[in-house]
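This report concerns only the one structure given below.
2 protein chains.
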Amino acid sequence: MIHEFYEREKPVPPEDYVRVDHVLLKNYVTSIFEKLGVRRWEAEIVADVLVTADLFGISSHGVQRTRRYVDGIKTENIDIYSEPKIIVDRGAIAIIDACNGLGQPVSVKAMELAIEKARNYGVSLVLVRNSNHFGIAGYYSLKAVEKGYIGVTMTNSVNLVAYTHTIDRIIGTNPIAIGVPKREPPPILFDAATSVVPVGKIEIYSKQGKEIPPGWAIDSNGNVLYGNASYVLKMIKAKKAALLPLGGLGEKHGGHKGSGLSFIIDIVSGVLSGAAWGVHVGYTVGEKPSNVGHAFMAIDISAFMSIEEFYNRLQQYIDEIKSARKHSKADRIWIPGEKAWYTMMTRKKIGIPLHKNVYNELINIGIDVGVELELKTL
Amino acid sequence: MIHEFYEREKPVPPEDYVRVDHVLLKNYVTSIFEKLGVRRWEAEIVADVLVTADLFGISSHGVQRTRRYVDGIKTENIDIYSEPKIIVDRGAIAIIDACNGLGQPVSVKAMELAIEKARNYGVSLVLVRNSNHFGIAGYYSLKAVEKGYIGVTMTNSVNLVAYTHTIDRIIGTNPIAIGVPKREPPPILFDAATSVVPVGKIEIYSKQGKEIPPGWAIDSNGNVLYGNASYVLKMIKAKKAALLPLGGLGEKHGGHKGSGLSFIIDIVSGVLSGAAWGVHVGYTVGEKPSNVGHAFMAIDISAFMSIEEFYNRLQQYIDEIKSARKHSKADRIWIPGEKAWYTMMTRKKIGIPLHKNVYNELINIGIDVGVELELKTL
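As given, the protein sequences belong to chains A and B, one line each in that order. This note's numbering applies: residue 37 is where the first sequence begins, and numbers increase by one. This note's numbering applies: residue 37 is where the second sequence begins, and numbers increase by one.
Set out below in structure tokens:
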């Protein structure tokens, strides 16, 4: 029954894409960062977060972002030699100063600390300041899930979204990811930007030559911007357009809810952590450290009820949703995280599809920094 | 500068509405519940939650709901004689069994416990099972804010929403309310149903003879339902229509995000607390106890940084949002909770507008249960 969903992969045009084994890809990207001077264990985490995004089908956050981190390191806008410091540690909470190091390793450490604290107190909240872009938020929530905990990950991010009733890019797409363990995989993983779509989706549409529907972005006069994705992307990058918050323009369909949620996530991740917020969050490659802020929570299910009872109750809920009457235009009713999981299962077997531009860029980076591995295609 | 926003009240047609002093209204509603046998302190809390909703301009959740609770008590579907029990109490977490009592008093107690735990551990999570409808979620988050804490309140609720790609009412409007203290009022209060709109908004539109725009509801064939609000409301009540999650129908504008968030809120409030979930959550007046589940979190700001530093940083962020370029169609850029707060300031001065139907219903309930106070109009 499950197997039919494993083969979720849509065919990719062979003239544009190659496929690469995920283990090789991870080793290759690890090697790139190691050659740049990143400590081995940190390079492995960065590569794992990137390749996991590709396995999940979120190619916008996958190895295509290698260039961005490489440039951040080369320009020394990221400090790969620093060590994170725990600067507040009280009961169930902590603040870690990432000291402008890479966002991924400190985030794994922060979630591990959150799990340890949740084991002692039932729930925890660990904040991180002075960090950098950490990739997909869901990666860290899944670290909690692997240990049987509910994991919550939030982060602020570079300003791309128009807060409701404003017209400029003043808040981030500030995502929240919540992972919940189940008896059998896939675990539940809700991972969502608080904008209608992340900018990565517009990048992908742009690469595919697709049209943006009305309702995702506005231009700097406040008019809904749609159509040619490359044009929309160019306008956003030039700060002549902004993404819309979840719920869309104005308040009619709840845009103030997406906008408000983004603001709240920034208050916890940015204001309370001691990091930057809103327009002050920097880009990985820039003239100042990004000073991104993250938040990690863990909840110990077994403090509330036996894990078996929780699994039974959750499975019943899922079965009830799955057996509901389906909309005629939908292929299937999805539980958060399922699509990504089944895509991962498929891609682990048949390889990760990389756009040739991305593949060639990786090869060039590899040559540039002296990677010895060959990135063979399947 | 602030005063101009105090007078937010739109004029109400005097042939349809009366105005009542909020203190008198609270005393009157308290008396109704006391006459029904509810303990004085609990009756006061129920009345305060209802009247606060009216003060905030959320009349859908205001004293117009008195009838619903009265009927729940009279039919003994709510047990006003029970006492809540703390059944799990470990470190920073707890579960309270409301024993089918009123939702409001146990929720105040639960948030107080969450605050006490956050004082000791920095963060906390208190869940409530076997509860009833608790009114506006924001009320409890503000209890944390009054003490200088960030407060988070979530609840599940009766099934009114179509989970993405389903067409029936299978999940609740499951709101989340997050309150954040500021140096000067109003505090930040984000309080949002995870549906595009709460059903109360459709009730209000129905009373006002207004039209529902496309995008709020679907009929039981999965078609977008709009137009005459009374008809839409009738269809929802007859289970021939459902509200749409925040983000709307399908996934194009992020409906799976609203739907997923609602599901996650139910997992914490309902599944993990030991309460009902999804279609099992009962209505206040029904054939079985509602078994609503709630979740309350408190975060001790002073565990992370000095409260003064937090206030300074937050105020700067707010000032930056407020000074952004405004959309030409918007009257003003709002911070979550401001509208409600300014409406409250106005209504405390000039009284709460009650639709005559609501006013007459209260009078009739008062006569019925033997309230001695006179509900004088202004």
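The beta carbon of each residue, even a glycine, is placed where N, CA and C say it ideally should be. Computed from a predicted model, the values in this text were never measured in an experiment.
Three-way DSSP call (helix, strand, coil) for residue i in this model
i, result
"A:S359", "coil"
"B:P250", "strand"
"B:V394", "helix"
"A:M381", "helix"
"B:H201", "coil"
"A:S160", "strand"
"A:R126", "strand"
"A:H39", "For A:H39, the predicted structure reports a pLDDT of 45, less than 50, and the residue's modelled location is therefore unreliable. The matter cannot be settled from this model."
"B:A375", "Reading off the sequence, residue 375 of chain B comes out as Lys, not Ala. Here B:K375 sits in helix by DSSP."
"B:R44", "coil"
"B:G402", "helix"
"A:G184", "coil"
"A:S177", "helix"
"B:R368", "coil"
"B:S342", "coil"
"B:N348", "helix"
"B:N113", "coil"
"B:N166", "strand"
"A:L72", "coil"
"B:E152", "helix"
"B:L409", "coil"
"A:K288", "coil"
Boundaries (first-last residue) of the alpha helix (DSSP H) holding residue i
i, result
"B:K243", "V235 to K243"
"B:R103", "T102 to K110"
"B:G291", "G291 to D302"
"B:A83", "R76 to L91"
"A:L279", "Per DSSP, A:L279 belongs to no alpha helix (DSSP H); it is in the beta strand (DSSP E), A277 to L279."
Span separating the alpha-carbon of residue i from that of residue j
i, j, result
"A:G139", "A:F170", "4 Å"
"A:H330", "A:N192", "7 Å"
"B:L279", "B:S231", "7 Å"
"B:E287", "B:S118", "44 Å"
"A:D133", "B:V181", "27 Å"
"B:P223", "B:I131", "28 Å"
"B:I386", "B:D57", "7 Å"
"A:I401", "A:I68", "7 Å"
"B:R219", "A:I207", "22 Å"
"A:K153", "A:A213", "19 Å"
"A:V235", "A:L196", "8 Å"
"B:L411", "B:L86", "16 Å"
"A:H201", "A:P250", "17 Å"
"B:L308", "B:N168", "17 Å"
"A:I81", "A:P141", "6 Å"
"A:V394", "A:K273", "20 Å"
"A:I337", "A:K246", "43 Å"
"A:I172", "A:Y378", "17 Å"
"B:F346", "B:D227", "21 Å"
"B:I388", "B:P47", "12 Å"
"B:A16", "A:L225", "Lying before the first or after the last residue shown, residue 16 of chain B is absent from chain B, which here runs from 37 to 414."
"B:Y262", "A:K179", "43 Å"
"A:T382", "B:G127", "42 Å"
Bounding residues of the beta strand (DSSP E) (the contiguous stretch that carries residue i)
i, result
"A:G329", "V328 to D336"
DSSP beta-bridge partners of residue i
i, result
"B:P389", "B:R55"
"B:L225", "B:G215"
"A:N264", "A:E247"
"B:A311", "In the DSSP output, where bridge partners are listed per residue, B:A311 has none listed."
"B:K121", "B:D133"
"A:I207", "A:V197"
"B:T189", "B:A213 and B:F332"
"A:D255", "A:A277"
"B:S96", "None, per the DSSP bridge assignment."
"B:S231", "B:P281"
Chain D within 8 Å of residue i, Cβ atoms only
i, result
"B:H97", "Within the model displayed, chain D is absent; protein chains A and B are what it includes."
Taking only beta carbons into account, state which residues of the region 334-358 of chain B come closer than 7 Å to chain A, listed in chain order. So the list reads I335, I337, A339, F340, M341, F346, R349, L350, Y353, E356 and I357, given in the order they occur along the chain.
Near-chain A residues of the region 206-222 of chain B - C-beta to any C-beta below 9 Å: In summary, the residues of the region 206-222 of chain B whose CB is separated from some CB of chain A by less than 9 Å are I206, I207, I212, I214 and V216, in the order they occur in the chain.
Residues in the region 358-369 of chain B having any Cβ partner in chain A nearer than 9 Å: Listed by position along the chain: A360, R361, K362, H363, S364, K365, A366, D367, R368 and I369.
Using a Cβ cut-off of 7 Å, which residues of the region 134-166 of chain B contact any Cβ in chain A, in chain order? Residues N156, Y157, G158, V159, S160, L161 and L163.
Beta carbons nearer than 7 Å to chain B: which residues of the region 171-196 of chain A have them? Answer set for the region 171-196 of chain A: empty.
Which of the residues in the region 58-69 of chain A, read from start to end, lie with their CB under 9 Å from any CB of chain B? Identification of residues in the region 58-69 of chain A having a C-beta nearer than 9 Å to some C-beta of chain B yields an empty set.
Relative to chain B, which residues along the region 95-127 of chain A have a C-beta separation below 7 Å, given in chain order? Flagged, chain order: V124, R126 and G127.
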